[in-house]
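To start, the structure under review is shown below, and the notes come after it.
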Amino acid sequence: MTTTDTRPATGPSADAAAGAAAGKTSVLRSGALMAAGSIVSRATGFVRSAVVVAALGTGLLGDGYAVSNTVPNILYMLLIGGALNAVFVPELVRAAKEHEDGGAAYTDRLLTACTAALVVLTTVAVVAAPLIVAAYTPYTGGQASTTVALARYCLPQILFYGLFTLLGQVLNARGRFGAMMWTPVLNNFVIIGVFGLFLYVTHGSADALTAGETRLLGLGTTAGIVIQAVALIPSLRAARFRWRPRFDWRGQGLARPLRNAGWLVMLVFTNQIGYWVVTRLSTATGHRAVEAGLAGGAGYTAYSNAYQLWIVPQGIITVSLVTALMPRMSAAATDGDLGALRRDVSYALRSSAALVVPAAALFAALAPWVMGSVFGYGRTGAADTEVMAGMLVAFAPGLIAFSGQYVLSRAFYALSDTRTPFFLNLVIAALNAGLSAAAYLLLPPRWAVTGMAGAYSVALFAGLAVTAYTLARRLGPRTGTRTERRATAVRTHLRLLTACLPGAAAGHAAARAAGPRGRPGRGRPRRLRGRRRGNRGARARRRPPRQAARPHGNHRPAGLPAAQDRPLAGGRAFEPSWIMTGCHAYC
């Protein structure tokens with residue numbers, strides 16, 4: 020998208036100013052289009068997640084599906100996806116500037132090479148499904164068999180994730196940003212339909228999956244990704260792009276992107292080591308929570324749901340803005356204009372912070388109500404919501420660092436430097452893995468995974484600090500007027516925090532004062548609280564030892580009443596203040 024300046028030119032400075040204004044308008048329009056698509060995608064994504072949780076719960080059955088559906092994305096990002104996201108646009112922009120055919124042949128070769136790698140990777144992953152599941156989970160017996168079967172149906176997603184990214188980056192390099200943000204909506208609708216059918220067939224009471232149900236969920240989930248990728252074809256045709264596979268790779272300039280991709284593969288690998296640690300420890304914590312008879316699913320599914328909600332502002336705001344800026348940043352880096360690159364980075368940091376910082380404050384203040392409104396349906400009870408809300412509170416501060424880290428890393432990618440981000444990312448990966456292990460060892464099962472969420476926030480802030488220092492040295496001193504030099508990203512973030520924190524505190528107090536209707540889940544009515552203390556002894560005498568609370572997930576010991584007929588652990592009603600206190604004590 021571009022805008023045309025129809026005013027008469029008055030000299031080079033006027034032309035430069037007009038070009039800058041047109042470029043800014045184009046970025047804003049493109050960013051708005053992508054943000055709108057991302058909002059719709061995220062909204063339907065939460066409907067999808069709520070349907071999945073309502074069908075499978077947050078216990079072991081839900082964990083098994085979550086791992087099976089997440090592993091393809093992990094492997095894709097680990098082995099090739101991260102490289103495609105970061106390398107493709109800068110290389111296509113450079114090829115369009117340097118090649119006589121506008122980079123058409125170069126694009127065909129790069130697409131062909133990447134697709135061949137995706138086919139090989141997908142085939143190997145499907146064959147190795149049992150080993151992959153064993154690497155990420157401690158499951159045995161029927162739980163392991165079901166997870167492996169689901170993984171075999173889901174692992175072909177790797178190929179279609181890759182095709183979606185490849186074709187979407189081609190569109191981005193050609194200035195067409197909308198389709199890549201809007202087509203995931205189709206995927207969400209497919210999965211909502213699949214799980215709606217599952218709920219209808221099982222009447223919402225499945226404690227295990229039959230072979231037919233496993234096939235329905237696995238193939239249905241993969242079908243959504245296939246449709247998401249295929250839906251890009253009309254936009255590619257509108258952009259007059261025709262892919263002609265070419266296998267004449269030698270001596271055609273593919274060495275540089277492959278070298279840059281190699282560093283990114285190692286970067287993603289270090290990230291996945293940290294994620295593997297969290298996955299193993301959170302699934303193990305889920306088992307410990309079941310054995311301890313704790314109320315609420317304090318395992319991997321709760322962590323995954325909190326994480327999914329936490330990244331929404333960054334996905335809508337920061338990703339949309341930086342995606343629109345990336346071609347311009349790459350062009351500035353190709354021309355050696357570091358001042359323009361610095362201005363774009365500063366603009367992205369300050370503009371994204373205007374919405375990311377308030378979102379982080381909102382998550383910290385209203386986590387119980389937010390989580391309850393999104394996930395508090397079906398099998399998800401008040402105790403489950405309480406656990407997930409605590410994790411969202413622990414994640415919340417890290418949203419600011421996560422957004423900033425995303426912007427700064429793209430500046431390095433625009434410079435075709437993927438080596439430096441790899442070494443900087445080691446700080447985040449090492450701290451995340453180390454602190455998560457410490458949380459697992461030192462905290463009780465109820466709070467261990469919440470501590471892992473807090474560990475990620477700490478790691479992100481440490482990584483942001485070292486990345487910002489390194490990039491500032493690379494780009495050199497700030498230039499421009501005094502006002503432009505004073506408009507720093509740090510100053511903007513501090514002013515936003517100063518404005519948002521009092522509002523967040525007031526919002527939390529108002530939500531608590533709203534009474535039972537302000538609380539998520541199925542808490543106890545206010546009128547029963549006066550009898551709580553007197554009835555506690557009688558309730559305790561009626562229950563088996565250590566099983567007074569609803570156990571984790573779908574496993575309910577014989578003799579216990581249904582979850583909706585029992586209060587929370589100890590007979591207490593859900594109180595949001597526990598989450599705040601717990602986070603401060605353990606995170």
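Mapping of the sequence shown onto this note's numbering: residues 20 to 606, in sequence order. Idealized CB from N, CA, C, for every residue including glycine.
Starting from residue i, trace the alpha helix (DSSP H) both ways and give me its first and last residue.
i: Q333; result: Note, Q333: premise wrong, no alpha helix (DSSP H); not H, not E.
i: T469; result: 464-494
i: G409; result: 401-414
i: E310; result: 274-311
i: R256; result: 252-257
i: L515; result: 508-532
i: F183; result: 176-192
i: A135; result: 123-146
i: Y84; result: 79-95
i: T221; result: 203-221
i: T437; result: Counting along the chain, T437 falls outside any alpha helix (DSSP H), and DSSP gives it neither H nor E.
i: E232; result: 230-249
i: R171; result: 160-173
i: A383; result: 357-394
i: A317; result: Segment: none, A317 is in no alpha helix (DSSP H) and carries neither H nor E.
i: R347; result: 338-353
Does the Cβ-Cβ distance between residue i and residue j come in under 8 Å?
i: M199; j: N191; result: yes
i: I58; j: I335; result: yes
i: Y294; j: F414; result: no
i: M613; j: F441; result: There is simply no residue 613 to check, as the chain begins at 20 and stops at 606 in what is shown.
i: T302; j: G312; result: no
i: G417; j: L513; result: no
i: D82; j: G305; result: yes
i: V376; j: L515; result: yes
i: S60; j: N207; result: yes
i: L178; j: L236; result: no
i: G239; j: V209; result: yes
i: A258; j: R195; result: yes
i: E110; j: P264; result: no
i: T233; j: A168; result: yes
i: S87; j: T166; result: yes
i: V412; j: A379; result: no
i: S476; j: V296; result: no
i: T507; j: T439; result: no
i: A135; j: L94; result: no
i: T126; j: V189; result: yes
i: T342; j: M53; result: yes
i: I244; j: Q176; result: yes
i: G316; j: D403; result: yes
i: R128; j: L273; result: yes
i: L385; j: A525; result: no
i: G160; j: L340; result: no
i: L381; j: A532; result: no
i: L218; j: Q247; result: no
Among the options, which has the Cα closest to the Cα of residue i?
i: T142; options: P91, L130, A115; result: P91
i: L483; options: A433, C519, S422; result: S422
i: P464; options: R307, Y488, A367, V376; result: R307
i: D356; options: R493, T320, A380; result: R493
i: Y172; options: F217, L273, T89, M96; result: T89
i: T320; options: A132, I151, F394; result: F394
i: V249; options: G187, F217, D267, Y125; result: G187
i: A242; options: F214, Y432, D267, Y219; result: F214
i: T229; options: Q162, A533, A154, R256; result: Q162
i: A55; options: A114, V331, A367, S164; result: V331
i: A352; options: V112, L79, L129, L52; result: V112
i: L216; options: L205, P203, G231, V189; result: G231
i: N444; options: A227, M407, I292; result: I292
i: G470; options: V406, V509, Q247, R256; result: V406
i: M410; options: A458, V245, V106, Q247; result: A458
i: N324; options: A350, A408, A372; result: A408
i: Y322; options: G197, A85, L251, A280; result: A85
i: R299; options: L140, A153, T202, S164; result: A153
i: W282; options: D436, S371, P253; result: D436
i: T184; options: L251, F260, L374; result: L251
8 Å is my cut-off, CB to CB: does residue i come that close to chain D?
i: D403; result: The displayed structure is made up of one protein chain only, and chain D is not part of it.
Inset, instruction - Indicate whether the contact test is met: 3 or more Cβ pairs, each with one atom in the segment 72-82 and one in the segment 399-407, closer than 8 Å. - result: yes
Inset, instruction - Flag this pair as touching only if the segment 352-368 and the segment 447-454 have three or more C-beta atom pairs under 8 Å; answer yes or no. - result: no
Inset, instruction - Count the CB pairs spanning the segment 377-391 and the segment 424-437 that are closer than 8 Å, and state whether there are at least three. - result: no
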